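Input: a single structure, listed below in structure tokens.
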Amino acid sequence: MNRALAVLTGAALLVVVVEASGPAPAAVAVPLAVLVALLCVLGFRWVRSRGRAAAVAYIAVQLALGFVLFDAARAGTGATLLLLVIVIQAVLLLPRPWAIVVAALVPLVHVGMSWSDGLREATITTVVVVFAVVLASLYLDVQRARTALAAANEQLTAYAERAEDVATAAERTRLAREIHDGLGHHLTVVQMQVRAARAVLPADRDRAGELLDKAEDQARAALADVRRSVAALREPWETVTGALAALTAESAGVAADLEVRGEPRPLPADAERALYRATQEALTNVRKHAGAGRARVLLDYSRADVVRLRVEDDGRGFAEPPAGVAEPPTGVAEPPTRLAGLPAGGYGLTGVRERVGHLGGTVGLVSRPGEGVTMTVELPG
Numbered sequence: 022m023n024r025a026l027a028v029l030t031g032a033a034l035l036v037v038v039v040e041a042s043g044p045a046p047a048a049v050a051v052p053l054a055v056l057v058a059l060l061c062v063l064g065f066r067w068v069r070s071r072g073r074a075a076a077v078a079y080i081a082v083q084l085a086l087g088f089v090l091f092d093a094a095r096a097g098t099g100a101t102l103l104l105l106v107i108v109i110q111a112v113l114l115l116p117r118p119w120a121i122v123v124a125a126l127v128p129l130v131h132v133g134m135s136w137s138d139g140l141r142e143a144t145i146t147t148v149v150v151v152f153a154v155v156l157a158s159l160y161l162d163v164q165r166a167r168t169a170l171a172a173a174n175e176q177l178t179a180y181a182e183r184a185e186d187v188a189t190a191a192e193r194t195r196l197a198r199e200i201h202d203g204l205g206h207h208l209t210v211v212q213m214q215v216r217a218a219r220a221v222l223p224a225d226r227d228r229a230g231e232l233l234d235k236a237e238d239q240a241r242a243a244l245a246d247v248r249r250s251v252a253a254l255r256e257p258w259e260t261v262t263g264a265l266a267a268l269t270a271e272s273a274g275v276a277a278d279l280e281v282r283g284e285p286r287p288l289p290a291d292a293e294r295a296l297y298r299a300t301q302e303a304l305t306n307v308r309k310h311a312g313a314g315r316a317r318v319l320l321d322y323s324r325a326d327v328v329r330l331r332v333e334d335d336g337r338g339f340a341e342p343p344a345g346v347a348e349p350p351t352g353v354a355e356p357p358t359r360l361a362g363l364p365a366g367g368y369g370l371t372g373v374r375e376r377v378g379h380l381g382g383t384v385g386l387v388s389r390p391g392e393g394v395t396m397t398v399e400l401p402g
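Residues are numbered in the numbering used here as their position in the sequence shown, beginning at 1, plus a constant of 21.
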């Protein structure tokens, strides 16, 4: 825009010089036109970085000089063009209402002419000034839109980077949860079986060998589970019911029974995974912490819109449930009973709560010292 205004200013100055070679006196018009033109080119660039007060002073001085030049040049075309340059600069430097005021003053240069000539010239000048104001305003709007678009692009890029960081953190959390829930469970079973084998080894070598075989199987399962977690693959079971049947069959020192109520139905993959991991974590904690002799897993499809999982044990229990986990809601089909020995503040319980919460479900715990623990999970489905 600066270059375009400089070209327009040079053209206007040339017109003033050409017109001054005729009957109009050149003694005042040409030097004054040169001054106005220099201010239009050099002063405008300087003022743009000096704030609004400097811009107002610049436009006021230029407008006054333009009026004097218009009179000295005998209302020449060159002087009118320089006034148009000043109007355009006013649009670029001042708030739009102020620029409109400046534009409205320019046609007043024709005051003093005869009524007919003045009205005709003022009308023409007004139309030209309005045209210049519109073009300058459009240019200014385009520049502001480009600036806003550039800022929006930068912000969008920042949001994209932030979203990528969040997604990366979420994926790390998910993989950490998968490894904890899967590998932790299998290693607990291996530990319990090795411990049992060591206990019976002196008296029953065959039984010890059987337990060690199971521990080896669990080690293989742990390796497969880790590979699945790292590869972010879904466990290869057909239904969650079959997966829970296999899970409860791993006695590892604490017998567990599975009961299924209602007609099993297909569930979303995330819901099946959440139910499986919740059961896995609950049984792992029963074996590690509860001191229980038996555990029971109930998968209830009785309600049409909710799938309910309950894991209970007959272990030592605890006085209060972990922070952030409420007791199961009242008014369910069966009263809350004792269930799942989950230690307070454990990472596994946090993972269960996150999984279930992301799916719009709830996790509840009920426990009393000496009466075991009950964990209830309810998921839409």
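Yeah, the Cβ is synthetic: ideal placement off N, Cα and C, and Gly gets one too.
Quick caveat: nothing in here was measured; it's all calculated off a predicted structure.
Mapping the DSSP letters down to three states, classify residue i as helix, strand or coil.
i      : result
Glu333 : strand
Val394 : strand
Val275 : coil
Leu400 : strand
Val132 : coil
Glu293 : helix
Thr383 : strand
Asp227 : helix
Glu284 : coil
Leu319 : strand
Ser388 : strand
Leu29  : helix
Below 8 Å on the Cβ atoms is my guess for residue i versus residue j; work out the distance and round it to an integer in Å.
i      : j      : result
Gly336 : Val307 : 7 Å
Ala94  : Glu142 : The pair is not a contact, with the Cβ atoms about 14 Å apart (cut-off 8 Å).
Leu288 : Gly385 : That pair is no contact at about 20 Å.
Ile80  : Leu115 : 6 Å
Glu403 : Gly338 : Missing from the structure shown is residue 403; the chain here goes from 22 to 402 and no further.
Asp334 : Ala311 : 5 Å
Leaving out five residues before and five after residue i in sequence, what residues of the same chain have Cβ atoms less than 7 Å from its Cβ?
i      : result
Leu90  : Ala50, Leu53, Ala54, Val57, Ala100 and Leu103
Ala166 : none
Val68  : Ala75, Ala76, Tyr79 and Leu114
Tell whether a beta-carbon distance below 8 Å holds between residue i and residue j.
i      : j      : result
Leu296 : Val261 : yes
Val318 : Leu279 : yes
Ser158 : Val127 : no
Val211 : Ala236 : yes
Val149 : Gly139 : no
Ala229 : Ala240 : no
Val108 : Val123 : yes
Leu105 : Ala173 : no
Ala277 : Leu304 : yes
Ser323 : Gly263 : no
Val377 : Ala299 : yes
Phe88  : Val155 : no
Gln301 : Leu268 : yes
Just to confirm my understanding: we take residue i, look at its own chain, exclude 5 residues before and 5 after, and list those with CB closer than 8 Å. What are they?
i      : result
Tyr180 : none
Gln83  : Val57, Leu60, Cys61, Gly64, Ile107 and Gln110
Pro32  : One point to set straight first is that residue 32 is Ala, not Pro, in the sequence displayed. Only Leu102 meet the Cβ criterion.
Trp119 : Val77 and Ala111
Only counting the same chain, and skipping five residues up and downstream in sequence, which positions put a Cβ closer than 6 Å to that of residue i?
i      : result
Arg329 : Asp321 and Glu399
Leu86  : Val57
Leu34  : Ala54 and Ala58
Meets three-Cβ-pair contact criterion under 8 Å: the stretch 60-70 and the stretch 25-36: Counting C-beta pairs with one atom in each stretch, the stretch 60-70 and the stretch 25-36 have three or more that are closer than 8 Å, which means they touch.
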